[in-house]
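Residues in the sequence shown are numbered consecutively from 1, following full-length UniProt numbering.
Even for Gly, the Cβ is constructed at its ideal location relative to N, Cα and C.
Here the structure is a predicted model, which means the values were calculated and not measured.
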Amino acid sequence: MTTSITPPDTNISSITSITKQSIFAGSSPKLTFIMGIVSGVAAVSLAGFVLAVSYGLSGNIPGVKQPVGTSAPTATVGAPVPNQPAGPPANVTITVKPDDHIRGDASAPITLVEYSDLECPFCKSFHPGMRQLMQEYAGKVKWVYRHFPLSFHVNAQKEAEAAECAGKLGGNEKFWAYIDKIFERTTSNGTGFALDALVPLAKELDLNDARFKTCLDTGEFTAHVQQDLQEGVDFGVNGTPTTFVNGQPVEGAVPYEQLKAVVDSLLK
Numbered sequence: 001m002t003t004s005i006t007p008p009d010t011n012i013s014s015i016t017s018i019t020k021q022s023i024f025a026g027s028s029p030k031l032t033f034i035m036g037i038v039s040g041v042a043a044v045s046l047a048g049f050v051l052a053v054s055y056g057l058s059g060n061i062p063g064v065k066q067p068v069g070t071s072a073p074t075a076t077v078g079a080p081v082p083n084q085p086a087g088p089p090a091n092v093t094i095t096v097k098p099d100d101h102i103r104g105d106a107s108a109p110i111t112l113v114e115y116s117d118l119e120c121p122f123c124k125s126f127h128p129g130m131r132q133l134m135q136e137y138a139g140k141v142k143w144v145y146r147h148f149p150l151s152f153h154v155n156a157q158k159e160a161e162a163a164e165c166a167g168k169l170g171g172n173e174k175f176w177a178y179i180d181k182i183f184e185r186t187t188s189n190g191t192g193f194a195l196d197a198l199v200p201l202a203k204e205l206d207l208n209d210a211r212f213k214t215c216l217d218t219g220e221f222t223a224h225v226q227q228d229l230q231e232g233v234d235f236g237v238n239g240t241p242t243t244f245v246n247g248q249p250v251e252g253a254v255p256y257e258q259l260k261a262v263v264d265s266l267l268k
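Laid out in structure tokens, this is it:
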């Protein structure tokens, strides 16, 4: 049992009144005036603190318009994040297309289809592991690269088109060489590889720079890159890198050993 003890005939107003009387009793008018100002500032500060806490808990700030259809995140354990795409299903059927770029033996039993963004820092860190996998599992795996340029990486779309131009002029080998070089050099911040460096890179790889520039400037592969992106969306891709290993999605820049374990499980 909880016992509550309240002084008889006492309430907050009376306590406040008594407190004020005891504080200001005998004080000079000047001191009373100063203490009144201090009390007022303290009261305003306290009110501001209470408001700040309440707004912080709600996730809404006065004067700031919240995105339509969204609400502040909650800490409900096990609940899905609202308005967040569900991601790819557990297994999808992806057919290798004639215009896909394949690294490795085209008849290998394990197919890795990667949706990637050339300005994505996670894709950059994931790329060496994929190359290592191709060496360690030569003849057992093939790697299909597809474009998924994120809208906030402003150079990614044009870089993807440049890689396609390299493939057009120099074949599959030059496509992959171009991809490798961009990942080696970009700082992966959306504009990490300058657009004015795309043509010089083609020349460095012994491609005809004039023809390459024409291919790039005319947007010959703009629609192709966007088609890759849309197909990725249709498969449930909502971030990069996303890699399908014989149809099983592996999301994010997973450690090499984790990727290797997925491949090993499919080779058993």
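CA nearest to the CA of residue i, picked from the options
i      : options                           : result
ASN155 : ILE102, ASP117, GLY129 and MET134 : ASP117
ALA210 : LEU267, VAL199, THR186 and ASP228 : VAL199
PHE152 : HIS127, PRO121 and CYS165         : PRO121
ASN238 : GLY247, ASN208 and GLY252         : GLY252
ASP217 : GLU173, ASP196 and ALA90          : ASP196
GLY87  : PRO109, GLU231, GLY236 and LEU133 : GLY236
THR95  : ASP105, GLY104, THR111 and PHE212 : THR111
ARG103 : TYR256, PHE212, ASP180 and GLU257 : ASP180
GLY232 : PRO98, PRO109, GLU114 and GLY170  : GLU114
Per-residue burial, residue i [other beta carbons within 10 Å of its own, 16 or more giving buried]
i      : result
SER107 : exposed
THR214 : exposed
LYS124 : buried
ALA202 : buried
PRO89  : exposed
ALA166 : buried
ILE267 : It should be noted that the sequence gives Leu, not Ile, for residue 267. With fewer than 16 other Cβ atoms within 10 Å, it is exposed.
Residue i in three-state terms, based on DSSP
i      : result
GLU136 : helix
GLY247 : coil
ILE179 : helix
HIS153 : coil
PRO89  : coil
CYS165 : helix
THR187 : coil
GLY171 : helix
VAL233 : helix
LYS124 : helix
VAL225 : helix
PHE158 : Checking the sequence shown, residue 158 turns out to be Lys, not Phe. LYS158 falls in the helix class under three-state DSSP.
GLY192 : coil
Boundaries of the beta strand (DSSP E) in which residue i is found, first to last residue
i      : result
LEU112 : 110-116
LYS142 : 141-147
HIS101 : 101-104
Host alpha helix (DSSP H) of residue i (start-end)
i      : result
CYS215 : 209-217
LYS203 : 198-204
GLU220 : Here GLU220 belongs to no alpha helix (DSSP H), and DSSP marks it neither H nor E.
SER265 : 256-267
For residue i: DSSP bridge partner residues
i      : result
THR242 : TYR115 and GLU251
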